[in-house]
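In this note's numbering, the protein residues as written are 6 to 429.
Let me begin by presenting the structure, written as structure tokens, before commenting on it.
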Amino acid sequence: MRKIFVALSVAASLQATTLPELFSALKNHAQTKADEMQVKRAKVAHTLATSKLYPKIDLFATYDNYSTPNGMIPLAPDHMLGLVKDPSKPSQPFSYNIYKAGAKFTMPIFVKSIYTMANKAKAMQRSAKAKKRIDLLQNEAVIVASNANLLYLKELARSLELKRKSLLETKKTIRIKVDTGRAPESALYKIDDALNQIDIAKNNIDLQKNKLISSIESLTGIHLDSPVEMHQAGELHFESMGALRPLQEKLKASKIELSAQKEKLYPSVFAHGSYAYSRAKAYNTHDNINEEFGNIGVVVDIPLLAMDQYKSIEKAKVEYEADSVELEKTQAQLQAKAKMLKETLPLLDRSIALAQKNIKNKEKLLDIAKVSFKSGRLPAEEYLRYEDEVVSAKAALYEAEAKKWQSTMELAVIYANNIEELVK
């Protein structure tokens with residue numbers, strides 16, 4: 006018996022879910038990890054840009070076969086003439102087969118576009134981080150709004166269940182009256198029809214619940230059996246529209262990209278060098294000879310005509326203008342939406358207050374209607390109308406509360422409020 010009790014307790018604790026648990030599950034879900042990968046990509050892009058500032062070093066090994074003897078290293082004419090005249094140096098550095106091994110390097114000394122592209126990568130990284138945060142807030146808002154609608158449906162189902170109990174009690178009284186001939190049998194049919202309408206409404210509620218539960222599960226991986234209790238623990242802040250930050254950072258990156266493409270037409274300065282160790286058999290004596298050769302230098306590269314680069318500049322300019330228009334369009338949309346939502350919140354508060362007052366009035370009228378109906382002074386249709394009005398008044402209250410949650414969450418996303426602190 007004790008084991009069964011423990012098992013039931015564990016099962017109950019596993020089913021109990023809180024809002025922080027849903028938020029925590031969201032952060033570890035694939036939906037959020039996908040945004041994290043975008044941040045990592047942007048970080049790699051930044052390191053890729055800065056890596057071009059480091060020297061590039063290559064090792065090499067070659068074997069060459071020539072049809073006529075070839076020099077192992079470059080020789081000045083006077084030095085080569087001395088080798089021919091000096092009998093003490095019969096082995097000349099020329100051979101049919103030459104083996105070489107060595108290393109070479111290149112390093113940018115001044116390439117303006119590299120630094121600019123690194124700055125662009127930083128801006129894209131900031132944009133990815135901002136987008137990750139806004140996407141997280143949007144998903145948290147979806148969870149809160151869906152849960153608010155689940156609460157609305159739960160309360161609506163509860164009010165329908167209260168209506169069912171009221172109708173069943175009334176049905177008992179009507180049945181007695183019908184059996185004694187004091188009421189027509191049609192009164193029972195009307196009660197049964199009203200009960201059937203309740204079943205239809207509750208079935209529709211279940212369909213809506215499934216969609217909302219699926220929405221939360223797709224973001225968190227948690228299947229809710231019932232809505233989570235929640236309340237607003239903080240106030241909304243309207244300092245700046247944080248939802249615009251990803252586009253703002255992207256626009257900065259586009260502007261930097263345009264500058265970088267223009268800078269690729271600037272002169273660039275590179276250092277370069279190499280070292281080679283050569284080994285071969287002298288063509289004239291067949292003796293094994295070894296030679297070393299190295300060089301180091303600086304190159305100034307000045308583009309004079311680069312049509313492809315001019316087109317790249319034109320493309321970057323179009324991308325910058327497109328991002329600018331996108332930001333302007335989104336800003337106008339969010340400003341209009343925020344204005345509407347701010348004006349909606351006090352109206353919803355008033356709707357909630359009026360609905361609460363309306364429920365009290367409707368419940369009092371229903372109590373009076375029940376007495377009148379049972380005494381035969383009120384037709385069944387009129388009595389059922391009072392039952393419907395109570396449910397409708399409660400539905401209006403729960404719907405207004407759900408809409409307030411939804412409007413609050415939309416504003417929280419627009420102004421990048423911390424939803425985890427706003428809702429508990």
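Every residue gets a Cβ at the ideal spot worked out from N, C-alpha and C, and that includes glycine.
All values derive from a computational prediction rather than experimental measurement.
Nearest to P25 by CA position, among G302, N300, F115, N152, is which residue? N152
Segment contact flag, the stretch 71 to 86 with the stretch 44 to 57, C-beta cutoff 8 Å, min 3 pairs: no
Please name the residue or residues paired with K105 in a DSSP beta bridge. T67, S283
Grouping DSSP H, G and I as helix and E and B as strand, with all else coil, what is Q269? Checking the sequence shown, residue 269 turns out to be Lys, not Gln. K269: coil per DSSP, three-state reduction.
Beta-carbon proximity of S412 to T349, cut-off 8 Å: yes
Within 10 angstroms of the Cβ of I78, are there 16 or more other Cβ atoms? Answer buried if so, exposed if not. exposed
Leaving out five residues before and five after L339 in sequence, what residues of the same chain have Cβ atoms less than 8 Å from its Cβ? M246, A248, L249, I419
Buried or exposed: where does Y71 fall if 16 or more other Cβ atoms within 10 Å of its Cβ makes it buried? exposed
DSSP state of T175 mapped onto helix, strand, coil: helix
Give the C-beta separation of N289 and P95 to the nearest angstrom, bearing in mind that I take them to be a contact with Cβ-Cβ under 8 Å. 7 Å
Do you know how far the Cα of P113 is from the Cα of V305? 10 Å
Reduced DSSP secondary structure (H/G/I, E/B, other) of M112: strand
Within this structure, are the beta carbons of D328 and K267 separated by less than 8 Å? no
Integer Cβ distance of K176 from L193, believed to fall under 8 Å: 7 Å
Does DSSP put Q97 in a helix, a strand or coil? coil
Excluding the 5 residues flanking A285 on each side, which residues of the same chain have their C-beta closer than 7 Å to its C-beta? M77, S100, N102, I103, Y104, I294
For K399 and S164, believed in contact at Cβ under 8 Å, the rounded distance: 4 Å
Quick one: using the 10 Å Cβ neighbour count with 16 as the cut-off for buried, is R382 buried or exposed? exposed
Pairing CB atoms from the stretch 384 to 398 with CB atoms from the stretch 211 to 219, are three or more of them under 8 Å? no
What residues in its chain sit with their C-beta under 7 Å from that of A311, if we drop five residues either side in the sequence? L270
Mark K365 as exposed unless 16 or more other C-beta atoms lie within 10 angstroms of its C-beta, in which case mark it buried. exposed
Do three or more CB pairs link the stretch 400 to 411 to the stretch 354 to 374 at distances below 8 Å? yes
Selection from L332, N75, Y59 that minimises the alpha carbon distance to A287: N75
In this structure, does DSSP put H84 in helix, strand or coil? helix
Helix, strand or coil for E234, going by three-state DSSP, please let me know. coil
Would you mind working out which of K257, E319, N33 sits nearest M122, comparing C-alpha positions? K257
Measuring CA to CA, which of E415, H228, K109 is closest to F298? K109
Which residue from K367, Y120, K342, L142 puts its Cα closest to that of V395? K367
Closest to D393 by CA distance: which of L252, I218, Q202 is it? Q202
Coarse secondary structure for T22, derived from DSSP in three states: coil
Here's the rule: buried if 16 or more other CB atoms are within 10 angstroms of the residue's CB, otherwise exposed. What is K362? exposed
Beta strand (DSSP E) segments (min. 3 residues) lying fully within the stretch 276 to 320: 293 to 306
Distance CB(I227)-CB(A54) smaller than 8 Å: no
Could you give the distance in angstroms between the alpha-carbon of S264 and the alpha-carbon of S118? 8 Å
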